Amino acid sequence: MSEILVLVEHAEGEVKKVTLELLTLARTLGSPAAVWAGPGITAEAKARLAEYGADKIYVAGSADLVDHVVAPKAELLAQLVAAASPAAVLVAATAEGKEVAGRLAVKTDSGVITDAVGLGEGFVADQSIFGGGVNVRAKVRRGTPIVAVRPNSTAPVAAAGAGVEEEVTVALSDSARAARVVERVKQEKGARPELTEAAIVVSGGRGVGSAENFSVIEELADSLGAAVGASRAATDAGWYPHQFQVGQTGKTVSPQLYIAAGISGAIQHRAGMQTAKTIVAINKDPEAPIFELADYGVVGDLHQVVPQLTDEIKKRK
């Protein structure tokens, strides 16, 4: 089976969930080969990659790969594409991942697909385009298919791979070293999952009414072990931090369950969440556009509905 390169997303030696999803997806189409860029790989990380199907683990441990911005990873992948002739390259559809994909496409003279939510035989991708307004099936017709896949598009399933390690060195060009990371500030993580990787997301919008009222949204999220999101209207009003904004100008999520409370469903918001597997909408306006997209809808005041829902969930634990 042909190799499929998977760029590993990692932090402090730990493999991120989206990488396990990509390995699971790659396993259905070929032989997954994980690509670790930067120092810090651990025995536990290698075991984790092998557990989810990595037959080969390319380890490029140079600090230069993370001390410079984006470009070195694209050069590493381009070198591996030239040497291994993989069937495809998969990356996470994060802000950095999509930039790596674009740069790699230029370097390898290949086609690139971003924001894929599925990938089938022949590397035909299900893709959300035009701000999420249109769903299409797309295929790369030139070079090595490079596909950026949205987190939570595939459920990670363990299936042991050989996990054979191969060290890789890469000679970076001067242009790849042009922008250097001079400082890193660690963001304190709370108990909730990271928004773009969460299996469940509970978001609040204009209907929440105030920053203080967002506690209702947070309590429901905590009862479900979910991440908290917000619409642009809520973040622009200062009710919730901008890093939790879901939408075309915020973050794109694709969870198993998305609960939209007090969100009307403008196209800008829908672009960031409409690929969720199940969507529940709570809004007192029965004509709100969000109901066109929802699998389940509750017409009612969120300040009455959400606390009742939270209480019922807690009773069942």
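Count along the sequence shown from 1, add 44, and you get the number used in the working numbering.
Beta carbons: idealized from backbone N, C-alpha and C, even for Gly.
Treat the numbers as computed from the prediction; the structure is a model and nothing was measured.
### Message
Assuming residue 193 and residue 134 are in contact, meaning their beta carbons sit under 8 angstroms apart, how far apart are those beta carbons, in whole angstroms?
### Response
6 angstroms
### Task
Along the alpha helix (DSSP H) that carries residue 169, what are the first and last residues, could you check?
Per DSSP, residue 169 is not a residue of any alpha helix (DSSP H); the beta strand (DSSP E) it occupies stretches across 168-173.
### Task
Between the Cα of residue 112 and those of 317, 216, 340, 283, spot the shortest distance and give me the residue it belongs to.
216
### Query
Helix, strand or coil: how does DSSP classify residue 140 here?
The answer is helix: DSSP assigns residue 140 an H, G or I state.
### Query
Secondary structure at residue 64, three-state DSSP: helix, strand or coil?
helix
### Buried or exposed by the 16-neighbour rule on C-beta atoms within 10 Å, applied to residue 241
So residue 241 ends up on the buried side.
### Query
Between residue 181 and the rest of its own chain, which residues show a CB-CB distance below 8 angstroms, the 5 nearest in sequence each way excluded?
168, 169, 170, 171
### Query
Is it true that the CB of residue 52 sits closer than 7 angstroms to the CB of residue 195?
no
### Task
Give me the Cα-Cα distance between residue 203 and residue 64, rounded to the nearest whole angstrom.
11 angstroms
### Query
What are the boundary residues of the beta strand (DSSP E) that includes residue 51?
47-51
### Task
Return the chain-ordered list of same chain residues with a C-beta closer than 6 angstroms to the C-beta of residue 94, the five sequence neighbours on each side being excluded.
205, 207
### Message
Just to confirm the assignment: which complete alpha helix (DSSP H) runs, minimum length 4, are found wholly within the segment 322-348?
### Response
334-337
### Query
In whole angstroms, what separates the C-alpha of residue 46 from that of residue 159?
Roughly 23 angstroms between the two C-alpha positions.
### Task
Mind the definition here: the segment 253-264 touches the segment 314-325 only if three or more C-beta pairs lie below 8 angstroms; say whether that holds.
no
### Query
Between the segment 292-310 and the segment 263-280, do at least 3 Cβ pairs fall closer than 8 angstroms?
yes
### Task
Please check if any C-beta of chain D sits within less than 7 angstroms of the C-beta of residue 119.
No chain D is present in this structure, which holds just one protein chain.
### Task
Please list the segments of the alpha helix (DSSP H) lying wholly inside the segment 55-140, counting only runs of 4 or more residues, in order along the chain.
61-71, 87-95, 108-111, 115-128
### Task
Report the three-state DSSP secondary structure of residue 273 (helix, strand or coil).
strand
### Task
On the DSSP bridge assignment, give the partners of residue 224 in chain order.
Bridge partners of residue 224: 112.
### Query
Under the three-state reduction of DSSP, which class applies to residue 300: helix, strand or coil?
coil
### Query
Which term fits residue 265, buried or exposed, when burial requires 16 or more other beta carbons within 10 angstroms of its beta carbon?
buried
### Task
Rank 263, 210, 198, 226 by C-alpha distance to the C-alpha of residue 104 and give the top, closest one.
Of 263, 210, 198, 226, the smallest CA-CA separation from residue 104 is found for 210.
### Segment limits, alpha helix (DSSP H) that includes residue 260
The continuous alpha helix (DSSP H) containing residue 260 extends over residues 258-268.
#### Entry: As assigned by DSSP and simplified to three states, the class of residue 181
strand
### Query
Thinking C-beta only, is residue 246 closer than 7 angstroms to residue 225?
It is not a contact, given that the beta carbons lie outside the stated cut-off.
### Task
Over the uninterrupted alpha helix (DSSP H) stretch that includes residue 311, give me the two end residues.
311-314
### Segment limits, beta strand (DSSP E) that includes residue 156
156-164
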